[in-house]
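Asks: Residue 315 in full-length UniProt numbering sits at position 315 of the sequence shown; the count goes up by one each step and never skips.
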Amino acid sequence: MDEIRRIDPSATFYAGLQIQAAGDADRARELFSAAMASPLKPVREAALSELLPLLFSSETPIPDRENRNRYEGFLKLARQDNTALKDDPSMATLRRAAYTLLGRFGEIEPLRDAAGGWDEAFTLMGELRTAIPLEAQSPDTGDEPDFSPEARAAAGKILDFLCAGTPGGAHRWVYSEITRRGKGLLNEYETAAAAGRLAVARSAFGQGMEQFRTVLSLQPALFFHYPDLLNDLGRCFQFTQNQREGADLFLQWDQYLRTGTEMGMSIFTIDIPRIRYLLLYFAGRIERQMQNYGEAAAQFVRALDLAPDPEQEDACIWYILNVTLSGSPSRAAALVFEYAPRWHSDPYFSDILDRVSRHLADSRDWDTLLKVFSLIKDGTDGATIAQYAYIIGRALQEGYITPEAAAPYIDTGGASAETAFFRIAFEEGNASFYYRALAASILGETVVPVPEARPVSGDRTAMPHREELDFLLNFHRFGAAAFAPAYVQPAIPGLENRELRSLAEAFAESGQWDGVIRIMAALVSREGYEIERRDMELLYPQPFRELIEGNARDAEIPTEVLFGLIRTESAFVPDIASWAGAVGLAQLMPATAMDVAGRIARRGGPDYRENGAIDLQNPEINVHLGAWYLNYLIDLFDSPMMALIAYNAGIGRVRTWRRAEPALPEDLFLETIEYPETRQYGRKVLAAAAAYGFLYYDMTMEAVIADIFTMRRNSEN
1 MDEIRRIDPS
11 ATFYAGLQIQ
21 AAGDADRARE
31 LFSAAMASPL
41 KPVREAALSE
51 LLPLLFSSET
61 PIPDRENRNR
71 YEGFLKLARQ
81 DNTALKDDPS
91 MATLRRAAYT
101 LLGRFGEIEP
111 LRDAAGGWDE
121 AFTLMGELRT
131 AIPLEAQSPD
141 TGDEPDFSPE
151 ARAAAGKILD
161 FLCAGTPGGA
171 HRWVYSEITR
181 RGKGLLNEYE
191 TAAAAGRLAV
201 ARSAFGQGME
211 QFRTVLSLQP
221 ALFFHYPDLL
231 NDLGRCFQFT
241 QNQREGADLF
251 LQWDQYLRTG
261 TEMGMSIFTI
271 DIPRIRYLLL
281 YFAGRIERQM
291 QNYGEAAAQF
301 VRALDLAPDP
311 EQEDACIWYI
321 LNVTLSGSPS
331 RAAALVFEYA
341 PRWHSDPYFS
351 DILDRVSRHL
361 ADSRDWDTLL
371 KVFSLIKDGT
381 DGATIAQYAY
391 IIGRALQEGY
401 ITPEAAAPYI
411 DTGGASAETA
421 FFRIAFEEGN
431 ASFYYRALAA
441 SILGETVVPV
451 PEARPVSGDR
461 TAMPHREELD
471 FLLNFHRFGA
481 AAFAPAYVQP
491 AIPGLENREL
501 RSLAEAFAES
511 GQWDGVIRIM
521 AALVSREGYE
531 IERRDMELLY
541 PQPFRELIEG
551 NARDAEIPTE
561 VLFGLIRTES
571 AFVPDIASWA
581 GAVGLAQLMP
591 ATAMDVAGRI
601 ARRGGPDYRE
611 NGAIDLQNPE
621 INVHLGAWYL
631 NYLIDLFDSP
641 MMALIAYNAG
651 IGRVRTWRRA
661 EPALPEDLFL
671 ETIEYPETRQ
681 YGRKVLAAAA
691 AYGFLYYDMT
701 MEAVIADIFT
711 MRRNSEN
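1) Could you compute how far the alpha carbon of Thr672 sits from the alpha carbon of Thr123?
2) If you run the structure through DSSP and keep just helix, strand and coil, what is Glu295?
3) What does the alpha-carbon distance come out to for the pair Ala170 and Leu101?
4) Of the choices Ala415, Ala315, Ser33, Ala386, whose alpha-carbon is the least far from that of Ala11?
5) Determine the burial state of residue 755: buried for a count of at least 16 other Cβ atoms within 10 Å of its Cβ, exposed for fewer.
6) If we call anything under 8 Å between Cβ atoms a contact, is Thr240 one with Gly284?
7) Spatial neighbours of Ala415 within its chain, please: C-beta separation below 8 Å, excluding the five flanking residues on both sides.
8) Asn322: which of Arg567, Leu644, Val301, Pro341 sits nearest, CA to CA?
9) Just the C-alpha distance for Leu353 and Ile376, rounded to the nearest angstrom, thanks.
10) If we ignore side chains and look at the alpha-carbon of each, how far apart do Phe337 and Asp378 end up?
11) Give me the DSSP bridge partner(s) of residue 718.
12) Residue range of the alpha helix (DSSP H) that Thr240 falls in?
13) Given this structure, state the Cα-to-Cα distance separating Ala97 from Ala431, to the nearest angstrom.
14) Between which two residues does the alpha helix (DSSP H) holding Met125 run?
15) Does Ala703 come out as helix, strand or coil in the three-state DSSP assignment?
16) One question on the structure: do Leu670 and Arg658 come within less than 8 Å of each other, judged by their Cβ atoms?
17) How close, in whole Å, do the beta carbons of Ala440 and Glu702 come, if the pair is a contact with beta carbons under 8 Å?
18) Just mark Gln291 as buried or exposed, buried being the case when its beta carbon has 16 or more other beta carbons within 10 Å.
19) Look up Glu398 in the DSSP assignment and say whether it is helix, strand or coil.
20) Keeping to the same chain, check which residues put their C-beta closer than 7 Å to that of Ser457; ignore five residues upstream and five downstream.
21) From Leu55 to Tyr99, what distance separates their C-alpha atoms?
22) Tell me the start and end of each unbroken alpha helix (DSSP H) in the UniProt domain "Transglycosylase SLT" (547 to 665) that is at least 4 residues and wholly inside, in chain order.
23) Taking buried to mean at least 16 other C-beta atoms within 10 Å of its own C-beta, is Trp579 buried or exposed?
24) According to DSSP, is Ser457 part of a helix, a strand, or is it coil?
25) Less than 8 Å between the C-beta atoms of Leu306 and Pro273, yes or no?
26) Give the straight-line distance between the Cα atoms of Asn631 and Asp554, rounded to the nearest whole angstrom.
27) How would you label Lys183, buried or exposed, when you count the other beta carbons within 10 angstroms and need 16 or more for buried?
28) For Thr384, which residues from the same chain have a beta carbon less than 6 Å from its beta carbon, with the 5 sequence-adjacent residues on both sides left out?
29) What separation, rounded to the nearest whole angstrom, lies between the Cα atoms of Val583 and Gly382?
30) Considering only C-alpha positions, which residue in the set Gly479, Pro220, Thr446, Leu588 is nearest to Ala691?
31) For Arg448, count the other beta carbons within 10 Å of its own beta carbon; 16 or more makes it buried, fewer makes it exposed. Which is it?
32) Keeping to the same chain, check which residues put their C-beta closer than 8 Å to that of Tyr175; ignore five residues upstream and five downstream.
33) Alpha carbon to alpha carbon, what distance is there between Trp513 and Ala21?
34) With a threshold of 16 other CB atoms inside 10 Å of the CB of Lys76, please say whether the residue is buried or exposed.
35) For Pro53 and Phe507, I'd like the C-alpha separation in whole angstroms.
36) Skipping 5 residues on each side, what residues in its chain have a beta carbon closer than 6 Å to that of Leu668?
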């Protein structure tokens, strides 16, 4: 311990994470305790968040002499008259924890307001333990004692705590304490409500439903008093086999609230508009889960008028359009015209507008496509604007749309209509590398996505969030980089641009390329941010360069395409596995890998099969198989573009789709594919390939894209 402290006072926190992961909870507790003396506030906060669940895993431990000395140490540290620490909220929490552990409940300082989490838990339990006679606190007490009014009042506050907010370690501890030491303070349905929430928090929806049935039978109006409790009930109905029951019940409750029917609600305070919103919103979600799309849309329409804030309004509109696209896609475009003026965030609806464009292109409803473009063209979602503009430009080129039909929707400035649309796609900038490069290849323009590199200050002392940045960088400094992502993601919105760049560089040094890509994607998407070359190099890195370049060369496929594929598939994480079972850098399904390995072996190559399996987490094996398979698909389809689509969706599906659209140019064919994931996959791989060609292989982005769509092989299929 002393040796770790000598390295750096904060090092004990990072060591604690590693020791805890190794299964030594006692040693981890000691290290997190020591980290509370760190000079960095974020370290103290993070150490406390790890320490408290270890100290209060289920119940308050009985302080023996060794533990009492430890808890007194906590108190001494938390009470020290240090200007830098005395007003630190984490020290106030540690004081409350120490008093709780020592049984000095009357000394727990009160909260000025409801803080939630551990602070509120300690304060509430302190009030309760002070109000309950010692002899009544034993879990072995036979008869339920006659609790004082003070104890009953404290229990009421605890119920409020348990039935509101997001349940976590503090809620689990409080529930354990009150059911052990305050038996009878919460009645049967109140106890069931709290237990149900804890079950839902760990996604045990069946167990949650079982507990909530007690509440439904004894006091259903409790769900109206606690909106978070009602939210959890809605999730239980949605994710169990009780969906029809849930939808019917929620609509019945909404009718009661609309008509003023008494349900024993007079004893509760109820926010009727909010409760009605939740009832209708979840009725819609449950109907959607049952694929009753028309009924789901009707409930979301009703919920929209009761939505409490812009975010919830957008959520309702998104669901209205989503279920309409699933049930009656021909009506979806009409609803876009109705609801687009009401939504608040254009990018929030990018997936909806992608599905709309797919339906309109597939059904050749070019007139409606033009009208939707006219609706969105002055919005803030540049990628979607570029998408619609490019599709319309290509439809004009192919003769699907006449210049006369397009004329009312664009100012051509003396150019042809198709040129004017391609110009819009090109000038949306870096919102979409894919559509910008496609438009550039047609316009004869050159895409230069970044200016010449500008010097970036590396002086962290000038950065306003230096403590937060040092806390995050120390994960890499102290060998705990694997634990960093959980702390980095919530910190990203509060860090400045150069701080994020420094963080991404640290991830790159540690070889955590998925973290690098995630951080840089957040950085370059910030409004008004001017991307630089180093940003692109971090966003499109080249780990495993020799391995990927060698396999691309051997397989006779463009290196930039193989890089783009691997970045899109795995973000260069060798041991990653998808929910579907694909494994490794090139995300190969085991059955596909076995087939490819067999073909390679039969042609005189290495045999990667061993005992009926292949080590797909081995980068050398995985990239070799992936490159060989992509080459096979290019030969099979005589097209890199079609090969990439088949790599994602499968050979059989692509053949079926292509037979239905044999004459449609490949770029427009991609826009008509029914699977959103496959459409987006094709765009991502091509955009990444264009970036790799520009950054590392002396190619223009538009040339990379054009080559992918025009390259052909005279293969024997």
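Just so you know, even glycine gets a beta-carbon here, dropped at the ideal spot from N, CA and C. Keep in mind the model is a prediction, meaning the values are calculated, not measured.
Replies: On the basis of the coordinates in this document:
1) 59 Å
2) helix
3) 14 Å
4) Ser33
5) Nothing can be reported for residue 755, as the shown portion of the chain is limited to 1 through 717.
6) no
7) Arg423
8) Val301
9) 10 Å
10) 14 Å
11) Here the chain has residues from 1 to 717 only, and residue 718 is not among them.
12) From DSSP, Thr240 is part of no alpha helix (DSSP H); its letter is neither H nor E.
13) 49 Å
14) 117 to 131
15) helix
16) no
17) 4 Å
18) exposed
19) coil
20) Because Ser457 carries a pLDDT of 44, less than 50, the predicted location of this residue cannot be relied on, and the following value inherits that uncertainty. Answer for Ser457: Arg498, listed in chain order.
21) 13 Å
22) 559 to 570, 590 to 602, 619 to 637, 640 to 649, 651 to 660
23) exposed
24) Confidence at Ser457 is low in this model, with a pLDDT of 44, below 50, so the placement of that residue should be treated as unreliable; the coordinate-derived value is given next. Coil at Ser457, not helix or strand.
25) yes
26) 10 Å
27) buried
28) Ser350, Leu353
29) 34 Å
30) Thr446
31) Going by the sequence as given, residue 448 is Val instead of Arg. Under this definition Val448 is an exposed residue.
32) Leu162, Ala194, Ala195, Leu198
33) 22 Å
34) exposed
35) 28 Å
36) Arg394
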